[in-house]
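These notes are about the structure you will find just below.
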Amino acid sequence: MGDPFIRHIALLGFEKRFVPSQHYVYMFLVKWQDLSEKVVYRRFAEIYEFHKTLKEMFPIEAGDINPENRIIPHLPAPRWFDGQRVAESRQGTLTEYCSALMGLPVKISRCPHLLNFFKVRPDDLKLPTDSQVKKPETYLMPRDGKSNIADITGPIILQTYRAIADYEKRSGTEMALAVGDVVDVVEKGESGWWFCQMKTKRGWVPASYLEPLDSPDEAEDPEPNYAGEPYVTIKAYTALMEDELSLEQGETIEVIHKLLDGWWVVRKEDITGYFPSMYLQKAGQDVAQAQSQIKSRGAPPRRSSIRNAHSIHQRSRKRLSQDTYRRNSVRFQQQRRRLARPGPQSTGSPLKEEQDKTERPKPQPAVPPRPSADLILHRCSESTKRKLASPV
Numbered sequence: 001m002g003d004p005f006i007r008h009i010a011l012l013g014f015e016k017r018f019v020p021s022q023h024y025v026y027m028f029l030v031k032w033q034d035l036s037e038k039v040v041y042r043r044f045a046e047i048y049e050f051h052k053t054l055k056e057m058f059p060i061e062a063g064d065i066n067p068e069n070r071i072i073p074h075l076p077a078p079r080w081f082d083g084q085r086v087a088e089s090r091q092g093t094l095t096e097y098c099s100a101l102m103g104l105p106v107k108i109s110r111c112p113h114l115l116n117f118f119k120v121r122p123d124d125l126k127l128p129t130d131s132q133v134k135k136p137e138t139y140l141m142p143r144d145g146k147s148n149i150a151d152i153t154g155p156i157i158l159q160t161y162r163a164i165a166d167y168e169k170r171s172g173t174e175m176a177l178a179v180g181d182v183v184d185v186v187e188k189g190e191s192g193w194w195f196c197q198m199k200t201k202r203g204w205v206p207a208s209y210l211e212p213l214d215s216p217d218e219a220e221d222p223e224p225n226y227a228g229e230p231y232v233t234i235k236a237y238t239a240l241m242e243d244e245l246s247l248e249q250g251e252t253i254e255v256i257h258k259l260l261d262g263w264w265v266v267r268k269e270d271i272t273g274y275f276p277s278m279y280l281q282k283a284g285q286d287v288a289q290a291q292s293q294i295k296s297r298g299a300p301p302r303r304s305s306i307r308n309a310h311s312i313h314q315r316s317r318k319r320l321s322q323d324t325y326r327r328n329s330v331r332f333q334q335q336r337r338r339l340a341r342p343g344p345q346s347t348g349s350p351l352k353e354e355q356d357k358t359e360r361p362k363p364q365p366a367v368p369p370r371p372s373a374d375l376i377l378h379r380c381s382e383s384t385k386r387k388l389a390s391p392v
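UniProt numbering applies: residue 1 is where the sequence shown begins, and numbers increase by one.
See below:
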């Protein structure tokens, strides 16, 4: 995998907060090179400080030397007092600014200063708790306002889902649902927890409680990858259903199917089963951050464990059975072992043998014997004969 970079930045709206004092933060949806989407919150003063530093780093592109060479977009300075009307009016400017940033040369659009500014911070993950003064107020940009935002992979439009059952929130960062509630999904986390908006409310919701409005099948679920990706369990889990796996902390497994509800299909030797993705971390990566997320929020419930679920679709979601996963997994592993085993007559690949032939040194031709004087006098030209007869 190459170095990380940002594909697209979309402004979702702004939020009015009252702790420690009244202020406004802008909500950005940042799409990274691996197609993951993260929500970050930034004050306008922070954005302007980032902008000033970016100009100092690239004075030519900022037009400081020659104004005609300027390609870094303009950004107005913050005012002494920023009210709600000012915060709302800036949305168009910030939308154009972010779009222009992504169109700059790679040395600017992928520089560490820009990437670090739009990375997720701890305060982005830790949503503001309900204060005794007043709850935060969220103002989303209208969909018409985002319809002109172009992305490499298409415009970002929030998807709409419906709740299939009542859900009681367990913490201040979650959002309660009633059956039939319609929400806009802002971020789909691999853990199975989705960040949603509903009118003026927002919070994390288990994906298993949501269904698409148009079809029961989740079109974004990727295909199984029976080659497997190596992961390490960062927390033990005891299976509650027969199609799940029980694993201890620190075990190495292979993930063969990443499902959006946060329950992935994993393989341990020849055994497959569901396992919560929140308890997994890619092999070789630091597990500290992943373990901190487990403390704040556990694994989401599975769809099959939800009682009194009511779907608007006539047919249920299509899901592969564990028998199908095991059968395909065993078939793939057998094929991989067969390809890895060398044949009886071959010690390497045909390509390697052909390379060996071309690299083998060719034999030097034999040097013919020097012709005798009689042979030269009988067969050579008159010039050669005269040279032979003349003294050296």
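All C-beta atoms in this analysis are idealised placements derived from N, C-alpha and C, irrespective of residue type, glycine included. Computed from a predicted structure; not experimentally measured.
For the alpha helix (DSSP H) containing residue 91, list its first residue and its last residue. 84-102
Quick one: is residue 342 buried, meaning 16 or more other Cβ sit within 10 Å of its Cβ, or exposed? exposed
Of the residues 7, 86 and 212, which one's Cα is nearest the Cα of residue 109? 7
Which residue spans inside the UniProt domain "SH3" (226-285) form an unbroken alpha helix (DSSP H) run of at least 4? none
C-beta atoms of residue 48 and residue 77 nearer than 8 Å: yes
For residue 74 and residue 51, what's the separation of their Cα atoms in angstroms? 9 Å
Between which two residues does the beta strand (DSSP E) harbouring residue 38 extend? 37-42
Whether or not the stretch 235-251 and the stretch 190-202 are in contact is what I'm after, with contact meaning three or more pairs of Cβ atoms, one per stretch, closer than 8 Å; do they touch? no
One question on the structure: do residue 250 and residue 232 come within less than 8 Å of each other, judged by their Cβ atoms? yes
Output needed for residue 59: all residues of its chain with C-beta closer than 8 Å, excluding positions within five of it in sequence on either side, in chain order. 65
What are the boundary residues of the alpha helix (DSSP H) that residue 313 is part of? No alpha helix (DSSP H) contains residue 313, which DSSP labels as neither H nor E.
Quick one: grab the DSSP three-state call for residue 22. coil
Please classify residue 214: is it buried, with 16 or more other beta-carbons within 10 angstroms of its beta-carbon, or exposed? exposed
Please say whether residue 256 and residue 209 have beta carbons closer to each other than 8 Å? no
Use the C-beta contact count for residue 53: other C-beta atoms within 10 angstroms, 16 or more gives buried, fewer gives exposed. exposed
Assuming residue 10 is part of the alpha helix (DSSP H), what are its boundary residues? Taken as a continuous stretch (DSSP letters only), residue 10 belongs to no alpha helix (DSSP H), being part of the beta strand (DSSP E) at 6-17.
What is the rounded straight-line gap between the Cα of residue 23 and the Cα of residue 202? 18 Å
Member of 329, 298, 117 and 33 whose CA lies at the smallest distance from the CA of residue 169: 298
Given residue 189 as reference, the closest of 11, 17, 36 and 3 once Cα atoms are compared: 36
Does the beta-carbon of residue 394 have 16 or more other beta-carbons within 10 angstroms, so that it is buried, or is it exposed? There is no way to answer for residue 394, as the model of the chain reaches only from 1 to 392.
Using beta-carbon positions only, say whether residue 167 and residue 177 come within less than 8 Å of one another. yes
If I measure Cβ to Cβ from residue 153 and keep anything under 6 Å in the same chain, skipping five residues before and after, which residues do I get? For residue 153, the predicted structure reports a pLDDT of 34, less than 50, and the residue's modelled location is therefore unreliable. The matter cannot be settled from this model.
Any heavy atom of the ligand PLP within a distance shorter than 7 Å of the CB on residue 223? Among the components of this structure there are no ligands whatsoever, and the ligand PLP is therefore not found.
Cβ shell of residue 104 (< 8 Å), same chain only, five flanking positions each side left out: 61, 71 and 72
Less than 8 Å separating the beta-carbons of residue 55 and residue 187? no
Going by DSSP, what residue range makes up the alpha helix (DSSP H) through residue 112? 112-117
Classification of residue 281 by the beta-carbon crowding that lies within 10 angstroms, buried from 16 upward: buried
Is residue 156 helix, strand or coil by DSSP? In this prediction, residue 156 scores a pLDDT of 43, lower than 50, which makes its location untrustworthy; no coordinate-derived value is stated.
Taking 8 Å as the cut-off, decide whether the C-beta atoms of residue 5 and residue 33 are in contact. yes
Cβ neighbour criterion (16 or more within 10 Å) applied to residue 172: exposed
Residue 197 - containing beta strand (DSSP E), residue span: 193-198
How is residue 29 classed by DSSP in three states: helix, strand or coil? strand
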